[in-house]
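Student: Each number in the working numbering corresponds to the 1-based position in the sequence shown with 25 added. Please see the structure below; I have some questions.
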Amino acid sequence: MQSRHFIDGQWTDAGHWADSFDPASCELIGRFADGGEAEAQAAVSAAARAFANPQWSQNPRLRQQLLLDWAAGLKARQEELAQLLTRENGKALVQSRGEIAGAISEIVYYAGLARHNPGHVMEVAPGEFSNMLREPAGVAGLIIPWNAPAVLLVRALAPALAAGCTAVIKPAPQTALFNAAMLEPLFALPGLPAGAVNLFAETGHVGAAYLVASPLVDVLSFTGSTATGQRIMQDAAATMKKLSLELGGKSCCLVFEDTDVEAIAPKLAAAATIISGQQCTAARRVLVQASRFAEMKRALSAALGEIRLGHGLEAATQMGPLIDWQSRDKVERRIAEALDCCDEVLLAGGRPDGALSQGAFLAPALIAHRDSGAFFCQEEIFGPLLVLESFEDEAEAVARANHTEFGLSASVWTGQGARAWRVARALRNGTVWLNDHNKLFAEAETGGYRKSGLGRLHGVDALLDFSELKHIYQNVGTLG
């Protein structure tokens with residue numbers, strides 16, 4: 026299996042290739058064209074030319090139909106794509122199937138919004154009108170991560186196309202084969218103008234750096250670490266381009282004493298181990314009211330201990346490997362440091378023995394600690410580590426949860442509706458779930474406070490990042 030760049034309506038490669046491996050088995054899956062600045066520059070130039078044609082930027086009916094046809098093409102290949110996603114990313118097949126279905130649904134959602142771009146008109150004086158129009162921002166550079174490459178591609182590309190932008194996509198090398206396969210049905214559509222959507226892959230960073238710094242790129246969308254997001258802000262400053270950044274998180278689950286601890290422990294375990302803990306909104310800290318703390322330690326230890334590791338294509342698998350061996354080693358080192366200095370180790374995690382030892386696997390680790398300032402309570406460790414803390418009352422729970430530089434998501438677990446809302450309003454997070462976790466929808470905007478990012482993705486407001494507001498004034502006079 027192999028994939029190439031798609032630039033200006035043509036599949037192409039520069040003669041350089043990189044391999045893609047299954048992180049669960051070390052098996053070679055295929056190879057992808059490995060580009061760089063030359064490919065990025067060609068893709069941006071093609072996108073700029075395509076945007077200059079009003080038959081794209083001012084044709085919402087065309088863009089809507091292309092989105093609908095892309096969704097139909099993906100639906101016909103749904104199972105094939107899910108299996109490729111599991112092989113290249115490692116996640117359990119049930120998660121891959123859910124992600125593909127969610128991505129298709131989101132494309133259809135934005136197809137509807139492509140033809141719903143209302144402005145407004147104000148008569149500011151007799152016969153004088155101010156017309157406010159939403160226009161596409163221009164060329165959108167989309168840097169897509171590997172942890173959810175279907176949904177995270179679509180939640181950036183679909184609103185960009187719906188708004189009328191053209192796009193240059195740079196996928197993560199770990200899932201370059203999948204992202205190319207995901208885009209093939211779109212690239213095959215006869216109505217797609219050359220240059221409207223472009224794709225290049227690279228194992229380095231020079232192409233991505235070009236997207237960030239190029240004055241021809243009008244908006245840059247990135248999902249990834251806060252440190253990388255900060256560098257993007259610095260490097261993009263000279264162009265003053267629009268930025269859409271979803272960055273790090275340290276999601277807290279606040280569990281109050283009226284909660285059924287035994288019932289929710291498996292849900293918390295699932296929230297912590299989704300994509301092997303490699304999701305920005307994954308549960309990282311569980312704050313439990315002191316009267317239920319001992320019970321939660323037992324219940325959560327049991328729930329995490331029962332998580333079944335395995336190859337994602339195996340039906341019994343609940344958690345697959347980390348994305349690659351380099352990431353596994355980095356996470357393993359940070360977990361080892363946490364185990365050395367925490368108050369109590371409940372589950373040590375670590376590498377499994379036997380058949381799984383060749384893959385990039387780590388079993389879930391669970392620790393308890395009092396000091397919320399500890400590095401493992403503050404730092405986003407992108408893997409299966411969960412930290413338990415206790416609190417006495419609502420005020421302490423909120424203070425502990427807000428003691429972080431992040432503000433992406435949190436969840437509140439209680440049977441008291443008024444308490445749930447009081448606490449949710451006090452939390453400094455872009456998303457708060459009540460008695461659930463990791464519920465994400467195409468219709469509902471997501472994004473973060475503080476160092477968790479800029480802008481919003483999903484929902485109607487995602488269109489704002491890919492559009493500009495124009496004021497057109499006209500004096501038509503009056504009859505009198």
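Beta carbons: idealized from backbone N, C-alpha and C, even for Gly.
Whose C-beta lies closer than 7 Å to the C-beta of residue 48 among residues of the same chain, with five residues either side of it excluded?
Tutor: 115, 346, 347, 348, 349, 384, 385, listed in sequence order.
Student: From residue 107 to residue 305, what does the alpha carbon distance come to, in whole angstroms?
Tutor: Their backbone Cα atoms lie some 21 Å apart in a straight line.
Student: For a test of the three-state rule: what should DSSP assign to residue 132, helix, strand or coil?
Tutor: Three-state result, residue 132: helix.
Student: Within the chosen definition, does the region 481-501 reach the region 437-454 through at least 3 CB pairs nearer than 8 Å?
Tutor: Result no; under three Cβ-Cβ pairs closer than 8 Å.
Student: Taking the continuous alpha helix (DSSP H) assigned at residue 232, which residues delimit it?
Tutor: Counting along the chain, the alpha helix (DSSP H) containing residue 232 begins and ends at 231-238.
Student: Taking its Cβ as the centre, do 16 or more other Cβ atoms sit within 10 Å of residue 503, making it buried, or is it exposed?
Tutor: The residue is exposed, with fewer than 16 neighbouring Cβ atoms inside 10 Å.
Student: What is the rounded straight-line gap between the Cα of residue 200 and the Cα of residue 151?
Tutor: Using only the alpha carbons, I get a separation of about 58 Å.
Student: Assess contact between the region 268-275 and the region 464-480, defined as three or more Cβ pairs (one per stretch) separated by less than 8 Å. Is contact present?
Tutor: The region 268-275 vs the region 464-480: in contact.
Student: What runs of the beta strand (DSSP E), each 3 residues or longer, lie entirely inside the region 298-361?
Tutor: 308-314, all fully within the region 298-361.
Student: According to DSSP, residue 139 sits in a beta bridge with which residue or residues?
Tutor: According to DSSP, residue 139 bridges with nothing at all.
Student: Using 9 Å as the threshold, is the C-beta distance between residue 132 and residue 92 below it?
Tutor: Cβ distance < 9 Å, so residue 132 and residue 92 count as in contact.
Student: Is there contact between the region 321-341 and the region 279-292, where contact requires at least three CB pairs shorter than 8 Å?
Tutor: The region 321-341 vs the region 279-292: in contact.
Student: Is it buried or exposed for residue 170, if we count other Cβ within 10 angstroms and need 16 for buried?
Tutor: So residue 170 ends up on the buried side.
Student: Between the alpha carbons of residue 172 and residue 117, how many angstroms are there, rounded?
Tutor: Near 12 Å, if we compare the C-alpha coordinates of residue 117 and residue 172.
Student: Please name the residue, chosen from 422, 366, 274, that lies closest to residue 282 on a Cα-to-Cα basis.
Tutor: Residue 282 has its Cα closest to that of 422, out of 422, 366, 274.
Student: Measure the C-alpha to C-alpha separation of residue 253 and residue 37 and round it to an integer number of angstroms.
Tutor: So the alpha carbons of these two residues sit roughly 29 Å apart.
Student: How about residue 369 and residue 392: do their beta carbons lie closer than 9 Å?
Tutor: For residue 369 and residue 392, yes; Cβs fall inside 9 Å.
Student: Would you kindly work out how many angstroms separate the C-alpha atoms of residue 468 and residue 134, rounded to a whole number?
Tutor: About 8 Å.
Student: Could you give the DSSP three-state label for residue 94: helix, strand or coil?
Tutor: Looking at residue 94 - three-state DSSP - the assignment turns out to be helix.
Student: Can you tell me whether residue 499 is helix, strand or coil according to DSSP?
Tutor: Here residue 499 sits in strand by DSSP.
Student: From residue 303 to residue 34, what does the alpha carbon distance come to, in whole angstroms?
Tutor: Straight-line Cα distance between these residues: approximately 34 Å.
Student: Could you say which of 174, 142, 86 lies nearest to residue 127 if we only look at CA atoms?
Tutor: Measuring from the Cα of residue 127, the nearest candidate turns out to be 174.
Student: What are the boundary residues of the beta strand (DSSP E) that includes residue 156?
Tutor: Note, residue 156: beta strand (DSSP E), 153-161.
Student: Taking one C-beta from the region 329-336 and one from the region 144-161 each time, how about it: are there three or more such pairs within less than 8 Å?
Tutor: No, the region 329-336 does not touch the region 144-161.
Student: Leaving aside the five residues before and after residue 81 along the sequence, list all residues of the same chain whose C-beta is less than 8 Å from its C-beta, in chain order.
Tutor: Excluding positions up to five away in sequence, the list reads 75, 87, 88, 189, 191, 218, 221.
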